[in-house]
Amino acid sequence: MLIELQGSRLTQAILERDDNQVWCAVSNVSDDHAMTAIDNGYYELLVSIVSLGDDGFVCDKGHLWQYAVPVKKVELTQDDVGL
114 MLIELQGSRL TQAILERDDN QVWCAVSNVS DDHAMTAIDN GYYELLVSIV
164 SLGDDGFVCD KGHLWQYAVP VKKVELTQDD VGL
């Protein structure tokens, strides 16, 4: 049986595949905390993760995070906002 990767484990697998940037919701508490923060509008916790070190995930600004959940950034359309 295959285990589906998700959350920080999925980000780790993406980086190990040699991708050089992954947009993630980040936290030093948990994967769930990272997603809750984004859901509550703390968009400063939506960052580009560029590497994985021994101590955690590193964003493009050099900050270290313990948890990084990959997310999609998409452009809104006129239909999305009801115009």
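Start counting the sequence shown at 114; every next residue gets the next number (the numbering used here). Think of the CB as a built atom: it goes at the ideal place given N, C-alpha and C, for glycine as much as any other residue.
| Asked | Found |
| --- | --- |
| Length of the line joining the Cα atoms of ASN153 and LEU115 | 33 Å |
| Under the three-state DSSP convention, the category GLY195 falls into | coil |
| Local conformation of GLY166 per DSSP, three classes | strand |
| Residue(s) in a DSSP beta bridge with TYR156 | Answer is none; TYR156 lacks a bridge partner. |
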